[in-house]
Each structure stands twice: as C-alpha cells, then as structure tokens.
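So the sequence shown is numbered by the numbering used here: it starts at 1445 and just counts up by one.
Glycine included, every Cβ here is placed at the ideal spot set by N, Cα and C.
Every value quoted in this text rests on a predicted model; they were computed, and no experiment measured them.
The block underneath contains the structure these notes are about, expressed in structure tokens.
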Amino acid sequence: MDSSPSSSSFPKSKRQSLRRHCTKFRWFYLLGGVVVLAIMLPVFFLVILRAIAQRILNQSSLTLIAADIMNPRPHSVDLTINSTLHLPVDIPVRIDPLALNLGSVHGSSNSPFAQVYIPGTTVGGTAVLGVQNQTTQLNNQQWLEYVRSMIFQETVTLSATARVNAFLGKLKSNVVFNKEIIQKGMNSFSGFSIQDPQILFPPADNGTNFIATVSLPNPSVMTLEIGTVVLDLKISGDIIGNATLQNLILKPGNQSSPLYGILNLERIKSNIGTIIKAQSEALENGHLLIDSVVKLVTYDGVEVPYYTEAMHNLTLTAELALGELGLDTLGGMLKVVKVLDGELSGIVLGDNSVELPSTLA
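The structure is reproduced here in structure tokens:
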C-alpha cells in the first residue's frame, strides 16, 4: 500500500494563504484604504498640488513690455500696464482676478506704492497681463522712492506680488505670486542737451527772452506724463533766470520739448568776469555750460509733489553752443515780414513770431 501523503495534506501555497487572508480580512483592508485615502487626498490637494502650482509660478518669468503713467495727481495716477507672463510648462493654468501689489525692491519698507487689479485669464505657456487706464491710488512715500530711482538710476527693480487662485483643470490652489522685474531707468537723463538756443530782442509780452529745444532721453519702456516743469537756470552756480517746459510727456526714446525762459541779462552782464574765469575751458571750445534744476512741477495748475521732490536734486547740465546761439539770435532779429495789406515789407527787428506760453513762473 502506498504510504505517501495525499496532495491535500501538503501545506497550502503562500498565494493561497494570502488569498484566504485577504478574503477573511477584506473589510478591514477596505476600511484601512478608505482611511488612508481620507488622509492622503487632502494632503495631495492642499499640499502637493499647491506645491506643484507654486513651483510652476516660481519658475515663470514676468516681462514689462510697456507702461503709461498718466494724469499725475497728488495722490493718484492713471496706469496702463502691458506685461507678459511665461510659464515653464505648456499646461493651461487659469488664474482668478487678482490684486497685484507693485513696489520698489530697494525701498525703505516692504509696503507697495500701488495696487492694480488684473482681470482673470488662462495662461497657456505665455499670456498677456495688464490694465488699461486704471486710476490708481498711491502710497506717496513709496511712490516717491520709486520715481526717484527711475530718474536717477540706470536700472530699477520693480516687485510684483499677489495671492493667486490658480486652477489646474478643476483643481484649485491658492499660491503666492512674487516676481521682480528689472527695467531700465532714466539714468539722470544722460545725454540731455539744449538745442536751437535763441535770445529774443525785444522780449515777448510775458517777459520771455530765451527759447530753445531740450532733448530728454528716456531709455525705459515707460511713458510718463509729467506736466509743467519750472526750472532754475544757473551758470557756474549762480541763478541767471528760469525756464518752463510745458505739458511735458516723457515717451520712450529721445524726447524733444520746447523750452521758454526768462534770463536776467543784467545779472549775466555783471558777472561776466566770474563766468569767463569759471568756464574758461568750455568757452575756449565755443561752449557755455548751463545748469537746469527743477524748481516746481504742476499738472492742471496743481503741484505734483512726488515729481517736484524727486527731481529737485537733479541737475541737468548742457553745453550751449555760443556760435549757434549768436546765429539763431541774429536770425530771430532779422526776420523778413510782410504786412498783410502789402504796403510795407522789409527787415524788421524783433519779429519774434514764436508760440509762447501765456505765463512763466
């Protein structure tokens, strides 16, 4: 008789044991799985997904294409901003409307100088972000620091921060948008010049006796509406008159603007010896150095305090070509005019047929 044990007496295989174990405790494992999912899904949605969205935003880039700062008032401006946001992944990300805080990275505090409201959009790799003619209230002290940086520095770093609701499909994450934009500044208007200078004989009715064209380079992508700028004119540190730039708007590139001035010719005459001594080198080259210092900035007759204060310490020095000044002055004195009735024509002294502002401060 065969004494070998039957196959049924062999120990069950590990697979069979595992199957029997899982069958026996299936409700326990199902409950455990539900508990694990209940714990992990909120972690995924609240932590992991937000971390992914935050990483995408952190690796994105924000570029300022153009900006218009118009209608300057003591506590507000009208802003138009055109910028592009580029994401490192080509995945559509929808963002809700947001309040974007703008500030100066190197300012004296972390407070923004303004807050603008950006409409919601979907970013699919690259998208345009901006506002159009949005009246924006200013934090004047922070805005003053930013304006001063824009005027004096070659490069300026602008910060843009916000809390953003970002959607990957239907999944929502609240993340922090924090970008720094490096932009070109005015660099103290390097390249400033005075062209076509002319002394008017006799002066205009409002006292204007000096006209010229000034060139104000603006290497930035920003258009700034400044207003009416009143300048003190100085030679070798001595104030010899004042001048006005009316309705000044600084657009990107080289900006030309007419200048109207009132020179104290008697003061210049009485100090001629000091001027010759102080500017002997420039005079030998046929030039006279003249400084322009901002005294007051107004818009619609109201002072714009942040522009006045920011520009007050800016001295614009230009070489006045004496030969050009003499020729243009002589040309202004010897203009040929014709009387409309045809009875008289000839050379008339003092035909200052130029458009002049009604008043000069």
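- For V1665, the closest C-alpha among the options I1693, Q1627, D1534 and T1524 is that of Q1627.
- By the beta-carbon neighbour count (other beta carbons within 10 angstroms, threshold 16), I1684 is buried.
- A straight-line Cα-Cα distance of about 20 Å links S1659 and T1652.
- For L1531, no alpha helix (DSSP H) encloses it, and the DSSP letter there is neither H nor E.
- With respect to L1677, A1687 sits close: the two C-beta atoms are nearer than 8 Å.
- Secondary structure at N1662: strand, using DSSP grouped into helix, strand and coil.
- Between K1616 and N1622, the C-beta gap is not smaller than 8 Å, which leaves the two residues out of contact.
- Taken through DSSP and simplified to helix, strand or coil, N1631 comes out as helix.
- In the same chain as L1544, and ignoring 5 residues on each side of it, the C-beta atoms closer than 6 Å to its own belong to V1560, I1562, A1604 and A1606, in chain order.
- Spatial neighbours of H1731 in its own chain (CB-CB distance under 7 Å, excluding positions within 5 residues in sequence) are listed in chain order as E1763, L1764, A1765 and L1766.
- The shortest C-alpha to C-alpha distance from L1760 to any of Q1690, E1747, Q1576 and V1738 is the one to V1738.
- The residue from M1630, N1708 and L1546 with its alpha-carbon nearest to that of N1584 is L1546.
- In this structure the stretch 1740 to 1759 does not lie against the stretch 1706 to 1726, because fewer than three pairs of beta carbons, one per stretch, are closer than 8 Å.
- About 7 Å separates the beta carbon of I1539 from that of V1567, a gap short enough to meet the 8 Å contact definition.
- Counted as a single uninterrupted DSSP element, the alpha helix (DSSP H) harbouring F1596 occupies residues N1584 to F1596.
- Taking I1525 as the centre and dropping the five residues before and after it, the same chain places the C-beta of A1511, V1560, G1574 and V1575 closer than 7 Å to its C-beta, in chain order.
- Here G1569 is exposed: its Cβ has fewer than 16 other Cβ atoms, across all protein chains shown, within 10 Å.
- Comparing alpha carbon positions, the residue from I1719, L1529 and N1554 closest to I1509 is L1529.
- Under the DSSP assignment, G1705 falls outside any alpha helix (DSSP H), being part of the beta strand (DSSP E) whose first and last residues are G1697 to L1707.
- Rounded to the nearest whole angstrom, the C-alpha separation of F1557 and Q1639 is 36 Å.
- Burial is judged here by how many other beta carbons sit within 10 angstroms of a residue's own beta carbon; E1728 has fewer than 16 and is exposed.
- A direct Cα-Cα distance of roughly 59 Å separates I1535 from G1705.
- Judged by DSSP in its simplified three-state form, T1718 adopts helix.
- By the 16-neighbour rule on beta-carbons within 10 angstroms, R1499 is exposed.
- One thing to note: P1532 has its Cβ within 8 Å of the Cβ of S1504.
- In the three-state scheme derived from DSSP, where H, G and I count as helix and E and B as strand, P1647 is classed as coil.
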